[in-house]
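Visitor:
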Amino acid sequence: MKEYKNVFLDLDDTVLDFKKGQHDALFLACGEFGLTITENDYKEYDRINKDSWKRFERREVEKAEMLVDRYRRFLNYKKADGDPAVLNSLYAKYLSMQGVLLPGAREGIAYLKSKYAVSIITNGNVNTQHGRLKAAGLD
């Protein structure tokens with residue numbers, strides 16, 4: 056039997072609670088942007104965001120364009136004015152502060168680190184994800 060030396064963990068929804076982080080970051084970003092949102096608005100944003108990432112995965116859009124376009128679509132849904140790039144920047148700022156660990160994550164990582172080299176992988180923005188790791192006390 057082959058002995059494993061390395062373990063790779065996805066950051067979002069394996070180590071950190073992305074859904075809660077996304078939720079809280081969107082409400083904070085919209086608040087600073089001057090846009091009041093509801094839980095139903097959040098559900099629509101989540102739908103738009105998931106669709107946007109699927110479009111990126113199918114190579115229909117570049118990542119930088121997709122990140123801003125999801126806010127253009129959300130602002131259109133809200134019939135609100137404003138620069139979607141600004142809302143995207145605010146969201147990234149607040150997401151980088153969201154370090155909510157999933158139950159058992161800290162203990163699981165500690166156990167794995169005692170036996171393996173542990174690496175965290177992500178498709179998210181490096182600065183945002185470093186901020187989230189720091190907020191979770193995992194930096």
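Using the working numbering, you'd call the opening residue of the sequence shown number 56 and step up by one each time. Yeah, the Cβ is synthetic: ideal placement off N, Cα and C, and Gly gets one too. Because the structure is a prediction, the values reported are computed rather than measured.
Over what stretch of residues does the alpha helix (DSSP H) that includes residue 79 continue unbroken?
Guide: Start and end: 73-88.
Visitor: Residue 172 by DSSP, collapsed to three states: which one?
Guide: Reduced to three states, the DSSP call for residue 172 is strand.
Visitor: So, at 7 Å on beta carbons, what are the nonlocal neighbours of residue 128 in its own chain, with the 5 sequence-adjacent residues on each side left out?
Guide: Hits under 7 Å: 103.
Visitor: Taking 8 Å as the cut-off, does the segment 64-78 touch the segment 139-155 (at least 3 CB pairs, one atom from each stretch)?
Guide: The segment 139-155, when compared against the segment 64-78, does touch it at the 8 Å Cβ threshold.
Visitor: Could you pull out every unbroken beta strand (DSSP E) segment of at least 3 residues lying fully inside the segment 119-171, listed in chain order?
Guide: For the segment 119-171, not a single whole beta strand (DSSP E) run of length 3 or above is found.
Visitor: One question on the structure: do residue 268 and residue 113 come within less than 8 Å of each other, judged by their Cβ atoms?
Guide: Given a span of 56 to 194 for the chain in the structure shown, any question on residue 268 remains unanswerable.
Visitor: Can you tell me where the beta strand (DSSP E) holding residue 193 begins and where it ends?
Guide: Residue 193 -> no beta strand (DSSP E), and no H or E assigned at all.
Visitor: Please report the residue range of the alpha helix (DSSP H) in which residue 67 lies.
Guide: Where residue 67 is concerned, there is no enclosing alpha helix (DSSP H), given that its DSSP letter is neither H nor E.
Visitor: Taking the continuous alpha helix (DSSP H) assigned at residue 51, which residues delimit it?
Guide: Since the displayed the chain opens at 56 and closes at 194, residue 51 lies outside it and no answer follows.
Visitor: In chain order, what residues of the same chain lie with their CB nearer than 6 Å to the CB of residue 90, ignoring the 5 residues before and after it?
Guide: Answer for residue 90: 135, listed in chain order.
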